[in-house]
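For the sequence shown, the residue numbers in numbering that gives the first Met the number 0 are 0 to 497.
Even for Gly, the Cβ is constructed at its ideal location relative to N, Cα and C.
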Amino acid sequence: MQPDPKPLLPEEGLDPQDWSAMRSLGHRMVDDIFDYWQSIRDRPVWQPTPATVKAKLELPLPLEPQAPELVYQDFRENILPYPMGNIHPRFWGWVIGTGTPLGALAEFLGAALNPNMGGGDHVGNYVEAQVIEWIKQMLAYPASASGLLVSGASEANLNGLTVARDSLAGFDVRSKGVQSSPKRMVLYGSSEVHSCIERAADILGLGCEALHLIPINQNYEMDLRALKEAIAADRRAGFQPFCVVGTAGTVNTGAIDDLQALADLCQGEQLWFHVDGAIGSVLALSPDQRDRVRGMQRADSLALDLHKWMYIPYEAGCSLVANREAHRRAFAEHPDYLARARGGLAGGTNWFSDYGVQLSRGFRALKVWMSFKEHGIHKYGRMVDQNIAQAQYLVRLIEQSPQLELLAPAPINIVCFRYKATGLDVAELNKLNQDLLVNLHESGLAAPTYTTLNGMYALRVANVNQRSRREDFDLLVEAVLRLGRELEKEFEPSSGVR
Ligand SMILES: Cc1ncc(COP(=O)(O)O)c(C=O)c1O
């Protein structure tokens, strides 16, 4: 006997119970954020998240509803005051962009429509297709190339290197796996190549050791003679070289490998030429700078970031691959439930899930599309020039100050330097500059970050900030000198630290 059916419950949904209250809350959020943006200069760049807030962020899973107004209040009190700080004009840490107001509003619009950008015939996929066309045009990359918006350059590099591996393995890697390779596949990058390339080698099953690091010259660019020798030696040793990664703008110093020469070399050696253009590909937007990245357009695959030096809100990167069919072959899968229809919602040709690891994808194309239209590409080119000019202004301030030392050439927008107290050895200077940076961050005045070059700890300014002005660099230098002098006292012999 069938049990009695359960009584039908009233149905629920997740839309607001009170639309007009939610609408006013939305308006309030927009107003609050505009106030926040407009007063950003008056705020500390960064401040620590207080213990009380951290404790609140360990509270257990909410089981019962809270009013949206209260949830927002919680955001205002506990989250809004303690962000990373990268929208501030004096944030120059790692290589982190600032975003823009329209970019942020576009994120809201994209999330409101909430399409899944993996495939199907809907306007979002046409927007992404147009954005990809625009990116190719702005970089002068071949028009026939395929492209995909991704989370960032780490994923874009992985995407391009997957196509490289599959195209040059000489057998069907997707079916057989890398373990079927008769020879160990190896790839090359300079010793300054970004760590995500090594991670890609790992994820692709090649192993981190498959990435052979080539020494650099005094400008931190890959030594081409050493590269040629390494390829020849590896071939003799029974390896299978398949790819060279050139970097357009290294993370440490902004060095740009000789991309034209690398393209020639790869052509001669029949290797895949991949360019990591996370930072520097956008130099192509500036008539004054574009010669520096000539040769990038000959790359078989190119990874770039839009959330760095294009100021698009996180996350936005892009992978371009010259051979569209090779790109598709590396990722496409067509189970029954993803078959293409001759029309309707499952029709169309822009199925971006054929070109990367994500099936479900967000509408990141919208913020790029709206931002490019808002500013026009010429303005972005001028912004790139401006950031470089500001970095060069900082270089001059450093050179004019006997207590500061430039630690590497600064060809574009990245400047590495340190406070130099007389009479301290390298270890002491490293300690002093580490402490100085912590104090600088905690002062809330500015946020560069750090790297280590030839054993020397460097304060590192990576300027992809659309809000910085020259006076911000004056303030930075003043603060570094002041904090350096204070710390130097602690290193006096009498203090016992030395
Ligand atoms: C040269 C270079 N490549 C790749 C990356 C990784 O980019 P993302 O953080 O967007 O994944 C970075 C990040 O700074 C970078 O500087």
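I want to check one thing, is the minimum distance from the CB of residue i to the heavy atoms of ligand 1 below 6 Å?
i, result
"Ser280", "no"
"His273", "no"
"Asp17", "no"
"Cys195", "yes"
"Gly151", "yes"
"Val356", "no"
"Val383", "no"
"Asp304", "yes"
"Val94", "yes"
"Ala163", "no"
"Ala66", "no"
"Val250", "yes"
"Ala277", "yes"
On the DSSP bridge assignment, give the partners of residue i in chain order.
i, result
"Met184", "Gln239"
"Val414", "Val460"
"Val542", "Here the chain comprises residues numbered 0 to 497, so residue 542 is not present and cannot be evaluated."
"Cys317", "Leu148, Leu303"
"Thr161", "Thr161 is not bridged to any residue."
"Val244", "His273"
"Ser189", "Ile213"
"Pro502", "In this structure the chain extends from 0 to 497, so residue 502 is not present and cannot be described."
"Ile255", "Ala247"
"Leu282", "Note: Leu282 sits in no beta bridge, so no partner."
"Met524", "Only positions 0 to 497 of the chain appear in the structure, and residue 524 is not among them; the question remains open."
"Met455", "Leu452"
Under the criterion of a Cβ to heavy atom distance below 6 Å, does residue i qualify as lining ligand 3?
i, result
"Ala110", "This structure simply doesn't include ligand 3; it includes ligand 1 instead."
Next item on the list: Entirely within the region 353-412 and at least 3 residues each: give me those beta strand (DSSP E) ranges in chain order.
Entry: 403-405
Notebook entry, point to check: If we count Cβ pairs, one from each stretch, closer than 8 Å, do we get three or more for the region 238-257 versus the region 210-223?
Noted result: yes
Notebook entry, point to check: Using 8 Å as the threshold, is the region 132-142 in touch with the region 386-397, meaning 3 or more CB pairs across them?
Noted result: No: fewer than three Cβ pairs fall under 8 Å.
Check: Between the region 82-98 and the region 331-343, do three or more beta carbon pairs fall short of 8 Å?
Finding: no
Note to self: Tell me whether the region 438-448 and the region 473-487 touch, counting them as touching only if at least three CB pairs, one residue from each stretch, are closer than 8 Å.
What the structure shows: yes
Notebook entry, point to check: Does the region 55-62 come close enough to the region 101-110 to have 3 or more Cβ pairs within less than 8 Å?
Noted result: Under the Cβ criterion (8 Å, minimum of three pairs), the region 55-62 does not count as touching the region 101-110.
Notebook entry, point to check: Taking one C-beta from the region 264-282 and one from the region 358-374 each time, how about it: are there three or more such pairs within less than 8 Å?
Noted result: no
Item checked: Ranges of the alpha helix (DSSP H) found wholly within the region 104-138, counting only runs of at least 4 -> 122-138
Margin query: Across the region 448-459 and the region 82-89, are there enough close Cβ pairs to call them in contact, namely three or more that are closer than 8 Å?
Written below: Between the region 448-459 and the region 82-89, the count of Cβ pairs shorter than 8 Å is below three; the stretches do not touch.
Notebook entry, point to check: Are at least three pairs of beta-carbons, each pair with one atom in the region 279-295 and one in the region 326-335, less than 8 Å apart?
Noted result: Contact between the region 279-295 and the region 326-335 is absent, because fewer than three Cβ pairs lie under 8 Å.
Checklist line | Inter-stretch contact at 8 Å, needing at least 3 Cβ pairs: the region 164-184 / the region 410-417 | finding: no
Next item on the list: Please determine if the region 297-304 and the region 149-161 are in contact, where contact requires at least 3 C-beta pairs separated by less than 8 Å.
Entry: With the cut-off at 8 Å, the region 297-304 and the region 149-161 touch.
Next item on the list: Please confirm if the region 457-471 is in contact with the region 430-438, defined as three or more CB-CB distances below 8 Å between the two stretches.
Entry: At 8 Å Cβ cutoff, the stretches touch.
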